[in-house]
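Remember, this note's numbering sits 55 above the position in the sequence shown when you count from 1. All residues carry an ideal CB built from backbone N, CA and C; glycine is no exception. Note sheet for the following structure.
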Amino acid sequence: MVRRSLFVRNPASLSLELGSPRLSQSSPSRSGAFDSAADPRVEQFAESISFDQVLATHDIRGSMAHARMLAAQGLITADEGQQIVAGLKQIGGQIAAGQFAWQSRLEDIHMHIEQALIDQLGDIGRKLHTARSRNDQVATDLRLWVREQGGAIDGLLVKLQKAWVCRCEQDADVVVPAYTHLRRAQPVLAAHVWLAWVEKLERDRERLRDCLRRANVSPLGCAAVAGTSLPIDRGATARELGFDSVSNNSIDATSDRDFLLEFAFVLSLIALHLSAWAEEWILWSTTEYGFLELPHAFCTGSSIMPQKINPDVLELIRGKSARVCGALQTLLMLTKGLPLAYHRDLQEDKPPVFDAARTVRACLELAEPVIAGSRLNTATIAARIEDGFLDATALMEYLIRRGLPQRSAHHLVGELVSEASRGGHRLRDFPLEEFRRHSLLVENSVYDVLGAANAVAALVSHGSSGPAEVHMQLRAWQNRLASL
Ligand code: ARG
Numbered sequence: 056m057v058r059r060s061l062f063v064r065n066p067a068s069l070s071l072e073l074g075s076p077r078l079s080q081s082s083p084s085r086s087g088a089f090d091s092a093a094d095p096r097v098e099q100f101a102e103s104i105s106f107d108q109v110l111a112t113h114d115i116r117g118s119m120a121h122a123r124m125l126a127a128q129g130l131i132t133a134d135e136g137q138q139i140v141a142g143l144k145q146i147g148g149q150i151a152a153g154q155f156a157w158q159s160r161l162e163d164i165h166m167h168i169e170q171a172l173i174d175q176l177g178d179i180g181r182k183l184h185t186a187r188s189r190n191d192q193v194a195t196d197l198r199l200w201v202r203e204q205g206g207a208i209d210g211l212l213v214k215l216q217k218a219w220v221c222r223c224e225q226d227a228d229v230v231v232p233a234y235t236h237l238r239r240a241q242p243v244l245a246a247h248v249w250l251a252w253v254e255k256l257e258r259d260r261e262r263l264r265d266c267l268r269r270a271n272v273s274p275l276g277c278a279a280v281a282g283t284s285l286p287i288d289r290g291a292t293a294r295e296l297g298f299d300s301v302s303n304n305s306i307d308a309t310s311d312r313d314f315l316l317e318f319a320f321v322l323s324l325i326a327l328h329l330s331a332w333a334e335e336w337i338l339w340s341t342t343e344y345g346f347l348e349l350p351h352a353f354c355t356g357s358s359i360m361p362q363k364i365n366p367d368v369l370e371l372i373r374g375k376s377a378r379v380c381g382a383l384q385t386l387l388m389l390t391k392g393l394p395l396a397y398h399r400d401l402q403e404d405k406p407p408v409f410d411a412a413r414t415v416r417a418c419l420e421l422a423e424p425v426i427a428g429s430r431l432n433t434a435t436i437a438a439r440i441e442d443g444f445l446d447a448t449a450l451m452e453y454l455i456r457r458g459l460p461q462r463s464a465h466h467l468v469g470e471l472v473s474e475a476s477r478g479g480h481r482l483r484d485f486p487l488e489e490f491r492r493h494s495l496l497v498e499n500s501v502y503d504v505l506g507a508a509n510a511v512a513a514l515v516s517h518g519s520s521g522p523a524e525v526h527m528q529l530r531a532w533q534n535r536l537a538s539l
């Protein structure tokens, strides 16, 4: 086989060569420098079209902006620019309609769309890749994708926050035990528990917003690594694509995947929050707790035990968080030792992060109806709310208010708890004389803080479960979410 010259002296002959039957069997990324087509095993090994099809719309948008810029800069004619944009639009339509033929020979989404354009427009299509490389192209596509996914996920987070706020209104006065170490700790309003999740989701939204701010910078026009000698206008493409700014270093911008790692971390934390909630509600819905009835539409049965109504959706939300955190781990390892700048390793960034976003969206979508459709077993909760001395801390603080040092009050209430425990009764069942045998600071008013309901009502600090506090927080969330 004749070895081709490394230097193409006549650009016109290049287009002829690319159109030749022999090379058309090979990837368009293989220039005249190659003396053979790729081994079929390489094609299969190196292709990414099986997963980066997801980027079709983003790639087309980026190409349209690029073509318009090339025309505005006189690098192609206005007519060529219009033909390219129209051609891209048509290709987008074919892809959306499922009428586009994918082939591993064309490696990735970028090559597929460019080749389809060339098939349509010939030499005009061959001009689209002017002053551009797949290295800045894929970075652009991914940033557009992160922005789009981030927007969708933010919307789902808000929906979930609204579902929690709705539950707060529904379960307004229900008192439940708060646990630490999974041991009964203090009584709280159910709404206070629900708003804890709203706060966590709000931080998820903030982190997402922050991540999207750094992601929304245009790498387009950085080309392969060094930029270009052609007079492009990076600001124009950035503006058209809705980026806030352009990247200032072509080496950094083509190698940077920080935005993707940040996104994977944001997704991981959302998944962990959902997982922790799922775990809590799995416990709350057991016969042992009996606090919660899950909607049967989101439960599954057992093939052998007819009585079983299993919380599979919650279990899967908990389980799928592993995949999302795994995606973050993959990206961390993928990028850990890469010298500057683009390396093909980076193609491996896509499957995990695509999967993570898809998974988190699915989990958020299913969490909402589970939250909205579950029912608190208020009778069961109330029947056992006086178990576990949830009012012990309230009694201790009563003594502190009357002048007893905290450590002494702590010790004294511990003795009372032990005594009541032995006697098989509650703290509020002690007669006043018994309290006063321990401390003369105790008066009849002690009964106003004893019992779960009184102990909750006694809470006053900012952010506490005191009814006034919780209602204030709830109103703030209602107002905040109403405008979204
Ligand atoms: N499919 C590639 C990726 O996802 C696109 C960039 C390829 N660039 C290159 N120089 N081979 O990373």
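Quiz item: Can you tell which of Ser105, Arg269, Asp107 and Pro286 has its C-alpha closest to the C-alpha of Gln128?
Solution: Pro286
Quiz item: Is the beta carbon of Asn432 within less than 7 angstroms of some heavy atom of ligand 1?
Solution: No, Cβ of Asn432 sits at least 7 angstroms from all heavy atoms of ligand 1.
Quiz prompt | Residues of its chain near Met124, where Cβ-Cβ distance is below 6 angstroms and the 5 sequence neighbours each way are ignored | solution = Cβ neighbours of Met124 beyond the five flanking positions: Asp288, Ala291 and Thr292.
Quiz item: When you compare only the Cα positions, how much space is there between Pro394 and Asn365?
Solution: 49 angstroms
Exercise. Enumerate, from N- to C-terminal direction, the unbroken alpha helix (DSSP H) stretches of 4 or more residues contained entirely within the region 408-460.
Key: If we require 4 residues or more, the alpha helix (DSSP H) runs fully inside the region 408-460 come out as 433-439 and 447-456.
Quiz item: Looking at Arg198 and ligand 1, is the gap between the Cβ and the nearest heavy atom below 7 angstroms?
Solution: no
Quiz item: Can you tell me where the alpha helix (DSSP H) with Arg181 in it begins and where it stops?
Solution: Arg181 -> no alpha helix (DSSP H), and no H or E assigned at all.
Quiz prompt | Cys418 beta carbon less than 8 angstroms from that of Leu329 | solution = yes
Exercise. Run the proximity test for Glu162: is its beta-carbon closer than 7 angstroms to any non-hydrogen atom belonging to ligand 1?
Key: Yes, Cβ of Glu162 sits closer than 7 angstroms to a heavy atom of ligand 1.
Quiz item: Taking Cβ to Cβ, would you say Gly521 is nearer than 8 angstroms to Leu514?
Solution: yes
Quiz item: Glu348 by DSSP, collapsed to three states: which one?
Solution: strand
Quiz item: Going by alpha carbons, who is nearest to Leu450 out of Arg187, Arg239 and Asp503?
Solution: Asp503
Exercise. Identify the continuous alpha helix (DSSP H) that holds Arg378 and give its terminal residues.
Key: Asp367 to Thr390
Quiz item: Where are the alpha helix (DSSP H) runs, 4 residues long or more, that stay fully inside the region 202-231, in chain order?
Solution: none
Quiz item: Rounded C-beta distance between Ala122 and Val140? I'm assuming under 8 angstroms.
Solution: 6 angstroms
Quiz prompt | Same chain only: Cβ atoms within 6 angstroms of Gly142, ignoring 5 sequence neighbours per side | solution = Excluding residues within five positions, the ones whose Cβ falls inside 6 angstroms are Leu172, Gln175 and Leu176.
Quiz item: Does the distance from the CB of Asn190 to the CB of Thr309 come in under 8 angstroms?
Solution: yes
Quiz item: In angstroms, rounded to a whole number, what distance separates the CA positions of Thr448 and Thr433?
Solution: 23 angstroms
Quiz item: What is the residue span of the alpha helix (DSSP H) that Gln241 lies within?
Solution: First-last for Gln241: Arg238 to Leu244, but that is the beta strand (DSSP E), not the alpha helix (DSSP H).
Self-check item: Cβ-based burial, Asn303 [other Cβ within 10 Å; buried from 16]
Solution: Exposed, since its Cβ has fewer than 16 Cβ neighbours within 10 Å.
Practice problem: Verify whether the separation of the beta carbon atoms of Val472 and Phe444 is less than 8 angstroms. | Solution: yes
Practice problem: State the CB to CB distance for the pair Arg481 and Glu441, rounded to an integer number of angstroms; the pair is presumed to be in contact (CB under 8 angstroms). | Solution: 5 angstroms
Quiz item: Using a threshold of 7 angstroms, is the CB atom of Ser103 nearer than that to any non-hydrogen atom of ligand 1?
Solution: yes
Self-check item: Near ligand 1: Lys405 beta-carbon under 7 angstroms from a heavy atom
Solution: yes
Quiz item: When DSSP labels each residue in this structure, what does Val504 get in the three-state scheme?
Solution: Coil.
Exercise. Check Ala279 in the structure and name its three-state DSSP category.
Key: coil
Quiz item: From Ala37 to Asp134, what distance separates their C-alpha atoms?
Solution: The chain is shown only over 56 to 539; residue 37 falls outside these bounds and no answer can be derived.
Quiz item: What did DSSP end up calling Arg530 once you bin it into helix, strand or coil?
Solution: helix
Self-check item: Distance, Leu389 Cα to Thr435 Cα
Solution: 51 angstroms
Exercise. Ignore the nearest five residues each way along the sequence and tell me which others in Arg439's own chain have a CB closer than 7 angstroms to its CB.
Key: none
Quiz prompt | Start and end residues, alpha helix (DSSP H) containing Met119 | solution = First-last of the alpha helix (DSSP H) with Met119: Ala111 to Ala127.
Quiz item: Alpha carbon to alpha carbon, what distance is there between Leu296 and Gly117?
Solution: 7 angstroms
Quiz item: If we ignore side chains and look at the alpha-carbon of each, how far apart do Thr555 and Lys144 end up?
Solution: Beyond the ends of the chain as shown, which are 56 and 539, falls residue 555; an answer cannot be given.
Quiz item: Since Thr309 is in the alpha helix (DSSP H), which residue starts that stretch and which ends it?
Solution: Ser305 to Ser310
Practice problem: Flag this pair as yes or no: are the beta carbons of Glu420 and Leu211 separated by less than 8 angstroms? | Solution: yes
Exercise. Assuming Cys223 contacts Leu529 (C-beta within less than 8 angstroms), just tell me the rounded distance between them.
Key: That pair is a contact at about 5 angstroms.
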